[in-house]
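Working notes for the structure below.
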Amino acid sequence: MKKLLFFLLLMTAVVGRAQTSLDLLPVGTEAPDFTITDSKTGKKIFQLSDKKTQKDKDGKTVPGVWTVLDFWASWCPDCRRDMPMVKAIYDKYNTKIQVVGVSFDTDEAKMKKYLGDNQYSWLQYCEFKKWKETKISKDYHISWIPTSYLINPEGKVAFSTVKAEEMMKKLDSLDQIGALKPAQMQTALKKVYNESIDPIAQIDEALAKAKKNGKFVICQVGGNWCPWCLKFADFVEKNAAVNKMVNDHFEYIHVNYNRRKTAGDAAVKKAEQLMKRLSNPQRFGFPVFVVLDEAGKVLHIQDSSFLEEGKGYNEEKVLRFLKSWTPQAIKG
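Going by the numbering used here, the sequence shown opens with residue 29, and the numbers climb by one from there.
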């Protein structure tokens with residue numbers, strides 16, 4: 029009897045999931061537009077309609093971009109099960125498509141922690157409301173998660189599914205016929221995190237230098253998997269005022285963080301030790317900046333989202349942060 033009941037429940041779940049896919053927006057439907065803005069400045073970071081094929085000011089055609097919208101939540105077991113496949117999609121095709129996560133989380137800190145802990149670094153949209161109360165869930169007929177849509181360069185629904193592996197197969201088939209073209213070319217950001225060294229030993233070495241030179245230490249915690257981490261490193265290198273401020277007052281190091289189980293038990297344990305040493309900064313997402321005095325005491329943890337502007341970082345905000353935590357500012 030128990031086996032029969034389990035079988036019926038399982039079949040109900042499978043049928044329910046299959047029926048959900050039939051309720052999604054039909055292929056050919058104009059994809060409802062939405063915008064992602066900087067939570068601090070209100071400036072636009074992303075707008076779906078901007079990815080459509082358009083004409084520039086000179087009348088030339090600017091090709092659109094294929095976009096995957098992945099609807100999920102960190103509290104959803106099925107979503108967490110599918111996320112490694114979504115990451116595989118991002119890793120394989122991020123130079124040819126745009127991937128946007130649409131989260132139904134209500135707790136921003138928990139969402140950021142889940143993304144950071146698992147090194148899921150693609151763009152995210154979230155209204156921080158209950159699932160059924162969000163406008164985007166109504167616009168896209170979301171009655172099950174995970175669900176994903178593929179939007180073509182004309183801004184229309186090309187494919188929808190409740191299984192990430194089916195989205196991968198669809199993208200593979202499009203790529204095989206040459207339909208996926210590299211997005212606007214840009215110089216690849218330099219990888220700055222040394223994944224082969226002990227991060228705790230790295231911090232100790234920086235502290236020794238800081239003590240000798242009368243400086244503090246800034247640990248930029250993140251990884252080469254994090255685009256915003258690499259953007260900040262590039263910003264520090266190229267912005268003369270920020271570069272001078274950093275070099276004059278700090279030992280600035282890139283501290284690699286990797287707690288994924290695929291890295292092995294030893295790496296996970298080391299990552300836990302690292303976070304404990306730095307007062308658990310991962311709760312703010314990545315990159316996150318930890319300021320240490322010359323004795324290794326945590327003076328401040330800086331949420332990097334407060335330093336962002338548009339698709340990069342704001343010089344004034346970054347300089348204000350740095351000036352506030354120099355040895356001279358703290359010691360007087």
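Glycine included, each C-beta is placed from N, C-alpha and C at the ideal position.
For this session: State the Cα-Cα distance for the pair Leu170 and Asp106, rounded to the nearest angstrom.
Result: Note that residue 170 is Ile in the sequence shown, not Leu. Ile170 and Asp106: Cα-Cα distance of roughly 15 angstroms.
For this session: Can you have a look at Ile225 and say buried or exposed, based on whether 16 or more other CB atoms are within 10 angstroms of its CB?
Result: Burial call: exposed.
Exercise. Excluding five sequence neighbours on each side, which residues of the same chain lie with their C-beta closer than 8 angstroms to the C-beta of Lys297?
Worked result: For Lys297, where only same-chain residues beyond five positions count, there are no Cβ hits under 8 angstroms.
Exercise. For Val346, does the three-state DSSP call read helix, strand or coil?
Worked result: helix
Exercise. Are there 16 or more other CB atoms within 10 angstroms of the CB of Lys79, so buried, or fewer, so exposed?
Worked result: buried
Exercise. Out of curiosity, what's the CA-to-CA distance linking Thr189 and Ala59?
Worked result: 15 angstroms
Exercise. How about Leu335 and Val318: do their beta carbons lie closer than 9 angstroms?
Worked result: no
Exercise. How long is the line joining the alpha carbons of Phe74 and Lys85, rounded to whole angstroms?
Worked result: 20 angstroms
Exercise. Exposed or buried, Gly56, counting other C-beta atoms within 10 Å across all chains shown (16 or more means buried)?
Worked result: exposed
For this session: Would you decide whether Asp276 is buried or exposed? Buried here means 16 or more other CB atoms lie within 10 Å of its CB.
Result: exposed
For this session: Go ahead and label Gln214 buried or exposed: buried means 16 or more other beta carbons lie within 10 angstroms of its beta carbon, across all protein chains shown.
Result: Only weak support is given to the placement of Gln214: the predicted model assigns it a pLDDT of 42, under 50, and the question is left unresolved by the model.
Exercise. Is Ala116 helix, strand or coil when you go by DSSP?
Worked result: helix
Exercise. Any contact of the stretch 236-255 with the stretch 133-140, i.e. 3+ C-beta pairs under 8 angstroms?
Worked result: no
For this session: Determine which residues share a DSSP beta bridge with Ser188 and list them.
Result: Tyr177
Exercise. Around the C-beta of Thr162, are 16 or more other C-beta atoms found within 10 angstroms, so that it is buried, or is it exposed?
Worked result: Thr162 should be labelled buried.
Exercise. Using the C-alpha atoms, what's the distance from Thr65 back to Gly338?
Worked result: 8 angstroms
Exercise. Going along the chain, which residues of its own chain have a beta-carbon closer than 8 angstroms to the beta-carbon of Lys71, five neighbours each way excluded?
Worked result: Excluding positions up to five away in sequence, the list reads Thr65, Glu337 and Gly338.
Problem set entry | Whole-angstrom C-beta distance between Thr123 and Phe156, which should lie under 8 angstroms | Phe156 to Thr123, Cβ: 30 angstroms. No contact.
Problem set entry | Where Ala357 falls: helix, strand or coil (DSSP) | Looking at Ala357 - three-state DSSP - the assignment turns out to be helix.
For this session: Determine the burial state of Met54: buried for a count of at least 16 other Cβ atoms within 10 Å of its Cβ, exposed for fewer.
Result: Checking the sequence shown, residue 54 turns out to be Pro, not Met. So Pro54 ends up on the exposed side.
Exercise. Apart from the five residues just before and just after Leu52, which ones in its own chain have a Cβ nearer than 6 angstroms to its Cβ?
Worked result: His169 and Ser188
For this session: Can you grab the Cα-Cα spacing for the pair Gly313 / Gln330, in whole Å?
Result: 10 angstroms
Exercise. For Lys345, which residues of its own chain have a beta-carbon under 6 angstroms away from its beta-carbon, when the five flanking residues on both sides are left out?
Worked result: Leu335
For this session: Give the secondary structure of Asn284 by DSSP, where H, G and I count as helix, E and B as strand, and everything else as coil.
Result: strand
For this session: Let me know if Trp353 comes out buried or exposed under the rule of 16 or more other beta-carbons within 10 Å of its beta-carbon.
Result: buried
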